[in-house]
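A quick write-up on the structure given underneath.
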Amino acid sequence: MLNNKTKCLILNLLAFIILSVIYAYIAKIIPLNSDGASILLEGKDLGQGNFFLQDWHLSTETYFFTDVIFYGIFTKIFGYHIWQWYVIPGILYAATRIIAAINLIKVKAKSNIWLPFAVFAVPGY
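Heads up: the sequence shown begins at 3 in our numbering, then just goes up one per residue.
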């Protein structure tokens with residue numbers, strides 16, 4: 003018989019996988035834009051060893067510490083491919099939602115409205 007922590011872990015993992023697939027499908031129907039293309043290319047260059055993105059002229063709104071690192075890791079492990087455009091955001095969004103849901107469960111105080119607002123008011127496409 004499984005204990006409660008194991009059941010919770012299995013349910014969270016299952017929810018993460020299902021949400022990742024759903025969010026990746028949603029991301030796949032959104033057309034690739036210039037920001038996404040530059041993040042893909044930056045991730046490719048990062049995965050090939052250019053850790054500081056030398057010779058790149060990045061915009062003032064770089065996503066180096068939030069997104070590009072994951073693209074570089076996926077490029078290093080799986081190689082460079084267009085599926086990264088929709089799979090990585092799906093995984094990141096699902097992980098964010100699961101972590102927020104776990105924190106919502108832990109929070110007992112009903113006076114704190116900002117965490118539920120952040121979880122349910124996240125803008126979508």
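Note that beta-carbon positions come from the ideal geometry of N, C-alpha and C, so glycine has one too.
Open item on the list: Could you check whether the stretch 69-83 touches the stretch 19-31, counting it as contact only if at least three pairs of C-beta atoms, one from each stretch, sit closer than 8 Å?
Closed with: no
Open item on the list: Determine whether the beta carbon atoms of ALA17 and ILE100 lie at a separation below 8 Å.
Closed with: yes
Task: PHE72 beta carbon less than 8 Å from that of LEU55 - done: no
Open item on the list: If I measure Cβ to Cβ from GLY49 and keep anything under 6 Å in the same chain, skipping five residues before and after, which residues do I get?
Closed with: GLY74, THR77, LYS78
TODO: Kindly list the residues whose CB is nearer than 7 Å to the CB of TYR88, restricted to its own chain and excluding five residues on each side of it in sequence; keep chain order.
DONE: ALA26, ALA29, LYS30
Open item on the list: Am I right that ILE104 and ASN14 are in contact with their C-beta atoms under 8 Å? What's the rounded C-beta distance?
Closed with: 7 Å
- [ ] Determine the DSSP secondary structure at TRP85, reduced to helix, strand or coil.
- [x] coil
Open item on the list: Using the three-state DSSP reduction, which class does ILE100 fall into: helix, strand or coil?
Closed with: helix
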